[in-house]
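Below is one structure, written out as structure tokens; comments come after it.
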Amino acid sequence: MLKTLFASKGFSQKAIEGLAEYLAPNLTEESTAEEMTAAITAIEPMTSLMQSEINRQVTEAKKTKTVEDSTITPVEEPKPAVPATTDPVMLELLNQVKTLAQGLAAVQTKEVAITRKDLLLAKLEKTPEVYKAKALKDFARMKFETQEEFDEFLAESETDAASAIQGASDAGLGGDAPPKGYVPAKGADEKEVSPAMKELIAERAATAAAKAN
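Numbering-wise (the numbering used here), the sequence shown opens with residue 68 and increments by one.
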């Protein structure tokens with residue numbers, strides 16, 4: 068009777084056996100069906116609580132399993148490495164592409180150098196030839212990591228070139244030779260002359276003195 072009544076409510080065989088042991092002291096083999104029914108009815112509140120607890124535990128177990136399933140990260144199968152090509156035609160094509168890329172990079176570097184040299188020549192256009200040659204020689208030895216570095220160098224070169232041009236003009240080196248006995252005037256407005264310009268002035272002065280003698 069207990070099994071028929073409580074198995075349908077989710078009670079396990081062990082739980083039903085426990086209920087039978089609980090009712091046994093109050094019942095005997097001579098107990099009537101009415102007495103058994105009354106005893107079972109008396110424990111129904113307790114069995115209802117047990118059923119509620121069983122249902123709660125089942126619900127919690129389902130929730131826990133759902134959360135665990137949702138947090139499982141799917142394992143991705145490792146992708147096979149792309150094997151290196153051994154096709155002679157493909158290898159030759161790759162080598163040609165690599166050579167072409169290197170050649171293009173070299174051409175671009177050369178074009179940048181030529182463009183920068185042209186910009187510098189424009190600043191040195193009116194400077195004495197000796198000064199210009201030395202400036203170009205120094206430029207050929209220089210390396211610029213960024214365009215900003217070259218722009219700064221070009222601005223300084225323009226300032227130095229203006230000083231060289233002014234120095235040559237003040238020394239009378241714009242023509243063939245300075246007049247005999249010419250002494251450059253010194254004053255508060257005299258600009259500083261670069262070492263290369265001083266060397267050029269000294270050479271021209273020596274040449275003029277030799278011609279005069």
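We treat Cβ as the ideally placed atom computed from N, Cα and C, and that holds for glycine.
S261 beta carbon less than 8 Å from that of A231: Numbered from 1 along the sequence shown, position 164 holds the residue referred to as residue 231. Numbered from 1 along the sequence shown, position 194 holds the residue referred to as residue 261. In contact: A231 and S261 (Cβ atoms closer than 8 Å).
For Y89 and E96, the rounded distance between their alpha carbons: The residue you call residue 96 lines up with position 29 of the sequence shown. The residue you call residue 89 lines up with position 22 of the sequence shown. If I take the Cα positions, the gap works out to 15 Å.
Helix, strand or coil at T213 [DSSP, three-state]: Position 146 of the sequence shown, counting from 1, holds the residue named residue 213. In this structure, T213 counts as coil in the three-state DSSP scheme.
Among V197, L186, R123 and L203, nearest to A269 - alpha-carbon criterion: Within the sequence shown, numbered from 1, the residue matching residue 269 stands at position 202. For the residues V197, L186, R123 and L203, the minimum Cα distance to A269 belongs to V197.
CB of K201 within 8 Å of CB of A263, strictly: Counted from its first residue, the sequence shown places residue 201 at position 134. Counted from its first residue, the sequence shown places residue 263 at position 196. It is a contact, given that the beta carbons lie within the stated cut-off.
Pair within 8 Å by beta-carbon distance, L188 and A228: Numbered from its first residue, the sequence shown carries residue 188 at position 121. Numbered from its first residue, the sequence shown carries residue 228 at position 161. Pairing L188 with A228 gives a Cβ-Cβ distance that is not under 8 Å.
Selection from P195, T182, K199 and K204 that minimises the alpha carbon distance to F217: By 1-based counting over the sequence shown, the position of residue 217 is 150. Closest option to F217, Cα to Cα, is T182.
Between the CA atoms of E159 and T166 - distance to the nearest angstrom: The count along the sequence shown starts at 1 and reaches residue 166 at position 99. The count along the sequence shown starts at 1 and reaches residue 159 at position 92. Going from the Cα of T166 to the Cα of E159 covers about 11 Å.
Whole-angstrom distance between L116 and E102, CA atom to CA atom: Start at 1 with the first residue of the sequence shown, and residue 102 comes out as number 35. Start at 1 with the first residue of the sequence shown, and residue 116 comes out as number 49. Note on geometry: alpha-carbon atoms of E102 and L116 lie some 23 Å from one another.
Pairwise C-alpha distance: K130 and I121: As a working mapping, residue 121 is identified with position 54 in the sequence shown. As a working mapping, residue 130 is identified with position 63 in the sequence shown. I121 and K130: Cα-Cα distance of roughly 14 Å.
Exposure label - P112; buried when at least 16 CB within 10 Å: Taking the sequence shown and counting its residues from 1, one reaches residue 112 at position 45. The residue in question, P112, is exposed, as its Cβ has fewer than 16 Cβ neighbours within 10 Å.
CA-to-CA distance, S119 to A105, given in whole angstroms: As a working mapping, residue 105 is identified with position 38 in the sequence shown. As a working mapping, residue 119 is identified with position 52 in the sequence shown. Roughly 22 Å between the two C-alpha positions.
Environment of T153 [buried if 16+ CB atoms lie within 10 Å]: Start at 1 with the first residue of the sequence shown, and residue 153 comes out as number 86. An exposed status is given to T153, since fewer than 16 other beta-carbon atoms sit within 10 Å of its beta-carbon.
Delimiting residues of the alpha helix (DSSP H) encompassing D205: Taking the sequence shown and counting its residues from 1, the one referred to as residue 205 is at position 138. For D205, the enclosing alpha helix (DSSP H) covers residues E196 to R208.
Sub-8 Å separation of K184 and F206 beta-carbons: Residue 184 sits at position 117 when you count from the first residue of the sequence shown. Residue 206 sits at position 139 when you count from the first residue of the sequence shown. Yes. Within cutoff.
Local Cβ density within 10 Å of P195, reported as buried at 16 or more and exposed below that: By one-based count along the sequence shown, residue 195 stands at place 128. With 16 or more Cβ atoms within 10 Å of its Cβ, P195 is classed as buried.
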